[in-house]
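Numbering (my numbering), first residue to last: 7 to 534.
Just so you know, even glycine gets a beta-carbon here, dropped at the ideal spot from N, CA and C.
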């Protein structure tokens, strides 16, 4: 009995191997090669090749790969707030006013003042300590028709430096550092999302591959069942002709053939459906002959029992699951926000130091002694003289100050801090619940692996017994001790038993793929 079961099992998997080159693909030559239809390209593919092609071409993966790049730009955008900013201003001004007497400083009917000025500077927030500085250089040239001015035209230049250092609020963390830190966490989360997409795409592709192999094997089972029915129809007609059976038996045999033809048509449509599903997962739609590539599984549907260690799998999942890591990253982001809003509750105490240098030049009018003495000469101070004066630090001005501000009453930061702390507590509870769900899911999928392994073993026995029953019924029918009804019933039972075995092997392999994937990533929607 055991020897017979093993032999039947070998026959079944020989069928699976033969399905790699199904008759519907084209004529098979004597050397085992295939002559495909002219409009189709046959490609044999292993499951490893299918996964590799999906990782290269799958549109979902291509989309997911852009997420880390987008987050990289968010980090760059946040850090750009530390970049120095160059500022410049140029202006020209002309102002005239009517004279109001001797003190207007001119004998003309109006006082005319003209000025051109420019400013260039750099300002920057420093990444460390929240400090910021500003450096400006100012220059101007002015003319007037008032004789009260000793310099006409007058040239001015000035260099100003200002440095502000927070001593409490914004010292440890400020808005820029908060944005940079949270954008880096978002970048890490996007990497986890990409890994999750890769894991689930690999899982879905493997399942789609085995679905296609199963559909082809099921089609072959249906065609074998159809061949048996046709053979029975021919035998029935022969027996009717010699008067051994009644003519009505031909009708029953023809009905059985029609029913099994329908099952074959449905099975063939399922093969095409699964082939399209796998095609869309592993090829880019822009691939030449995208819809005319006929994929043929080159691998058998394997049955390799594995040892299921539930506790080790749960422990691995709690350490490596991408969704749990993502939840922890979100908790770290909340910690950053809590640290920022807590810092914002401190008084704003800023130490500020300002330092300036100024110089004047141009054409200086030399006057005789006395009030508004007559102009007796002039001295010219060029712009280089102004620059030399600034470099020599001849006329410095400096100021040191400490500025303090603190809101009276409830501040916005207090409300934000309270809200973020509640969100943190909520997220921590959600993480505990998520860990519980992960452990439950891993345990359930581990049990599915064990259950499907046992199903394979029982369906193999059922298929072997179905084969023996069919052989027995055929012998009885030949001896005249049975009817075609029982033969047809035995054929249907054998076909169902073969399909059940194929389904059990398929479910086992898919459950193994799911069990391995669920320890790394949550199972997304898709083939499963």
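Output needed for residue 365: all residues of its chain with C-beta closer than 6 Å, excluding positions within five of it in sequence on either side, in chain order.
The answer, listed in chain order, is 163, 392, 395 and 396.
State the start and end residues of the unbroken beta strand (DSSP E) segment that holds residue 307.
Looking at the DSSP string, residue 307 is not in any beta strand (DSSP E), and its letter there is neither H nor E.
Thinking residue 339 and residue 438 are a contact (beta carbons under 8 Å), I'd like their distance in whole angstroms, please.
With 8 Å as the limit, residue 339 and residue 438 do not qualify as a contact, their Cβ atoms being about 18 Å apart.
Would you verify that the beta carbon of residue 477 is, or is not, closer than 8 Å to some beta carbon of chain B?
Of the protein chains in this structure there is only one, and it is not chain B.
Whose C-beta lies closer than 7 Å to the C-beta of residue 350 among residues of the same chain, with five residues either side of it excluded?
175 and 419
Does the segment 55-62 come into contact with the segment 282-294, if we say contact requires no fewer than three beta-carbon pairs (one atom in each stretch) closer than 8 Å?
yes
Tell me whether residue 1 sits in a helix, a strand or coil according to DSSP, three-state version.
Summary: the structure shown does not reach residue 1, with the chain confined to residues 7 through 534, and so no result is reported for it.
Neighbour-count burial assignment, residue 89, 16 or more Cβ in a 10 Å radius
exposed
Nearest to residue 510 by CA position, among 344, 223, 129 and 75, is which residue?
223
In chain order, what residues of the same chain have a beta carbon less than 6 Å from the beta carbon of residue 346, not counting five sequence neighbours either side?
179 and 184
Less than 8 Å between the CB atoms is what I'm expecting for residue 276 and residue 221, so what's the real figure, rounded?
The beta-carbon separation of residue 276 and residue 221, rounded to 5 Å, stays under the 8 Å limit for a contact.
Give the DSSP-derived three-state secondary structure of residue 236 in the structure shown.
If DSSP states are grouped into helix, strand and coil, residue 236 belongs with the helices.
Quick check on this structure: which residue in 296, 135, 385 and 369 has the alpha carbon closest to the alpha carbon of residue 181?
Comparing alpha carbon positions, the residue from 296, 135, 385 and 369 closest to residue 181 is 135.
I'd like the ranges of any beta strand (DSSP E) spanning at least 3 consecutive residues and lying wholly in the segment 212-263.
Segments of the beta strand (DSSP E) lying fully in the segment 212-263: there are none.
Say whether the segment 139-147 touches the segment 297-315, bearing in mind that this needs 3 or more beta-carbon pairs closer than 8 Å, one atom from each stretch.
no
Any idea if residue 216 is buried or exposed, counting beta-carbon neighbours within 10 angstroms, 16 or more meaning buried?
buried
Hey, out of 449, 479, 527 and 272, whose CA is closest to residue 238's CA?
Closest in C-alpha terms to residue 238, from the list 449, 479, 527 and 272, comes 479.
Write down the C-beta distance between residue 213 and residue 519 rounded to the nearest angstrom, noting that I regard them as a contact closer than 8 Å.
6 Å
By how many angstroms is the C-alpha of residue 137 removed from the C-alpha of residue 177?
8 Å
If you draw a straight line from the alpha carbon of residue 234 to that of residue 469, how long is it in whole angstroms?
Near 16 Å, if we compare the C-alpha coordinates of residue 469 and residue 234.
Between 127, 219 and 471, which has its C-alpha nearest residue 52's C-alpha?
219
Exposed or buried, which one is residue 261 when buried takes at least 16 other CB atoms within 10 Å?
exposed
Give the single residue among 255, 82, 160 and 101 whose Cα lies nearest to the Cα of residue 389.
160
Buried or exposed: where does residue 76 fall if 16 or more other Cβ atoms within 10 Å of its Cβ makes it buried?
exposed
Presumed contact (8 Å Cβ cut-off) between residue 57 and residue 270, rounded CB distance:
31 Å between Cβ atoms; not a contact.
Enumerate in chain order the residues of its own chain whose CB-to-CB distance from residue 295 is below 8 Å, with the five nearest sequence positions on each side excluded.
Apart from the 5 residues on each side of it in sequence, residue 295 sits with its Cβ closer than 8 Å to the Cβ of 47 in its chain, given in chain order.
Buried/exposed call for residue 412, threshold 16 Cβ in 10 Å
Exposed, since its Cβ has fewer than 16 Cβ neighbours within 10 Å.
Are the CB atoms of residue 198 and residue 331 within a distance shorter than 8 Å?
yes
Start and end of the alpha helix (DSSP H) containing residue 137?
It is not in any alpha helix (DSSP H) - residue 137 carries neither H nor E in the DSSP assignment.
Which parts of the segment 281-339 are runs of the beta strand (DSSP E), unbroken and 3 residues or longer, counting only runs that do not cross its ends?
DSSP runs (the beta strand (DSSP E)) wholly in the segment 281-339: 299-303.
When 329, 326, 422 and 367 are compared against residue 344, the one with the closest alpha-carbon:
Closest option to residue 344, Cα to Cα, is 422.
Just how far apart, CA to CA, sit residue 444 and residue 529?
11 Å
Specify the secondary structure class of residue 89 as computed by DSSP and reduced to three states.
coil
Select from 70, 280, 201 and 341 the residue whose C-alpha is nearest the C-alpha of residue 188.
341
I'd like to check one pair, residue 196 with residue 3: are the Cβ atoms closer than 8 Å?
Outside the displayed range of the chain (7 to 534) lies residue 3, so it cannot be described from this structure.
Buried versus exposed call for residue 335 [16 or more other C-beta atoms within 10 Å across all chains shown]
So residue 335 ends up on the buried side.
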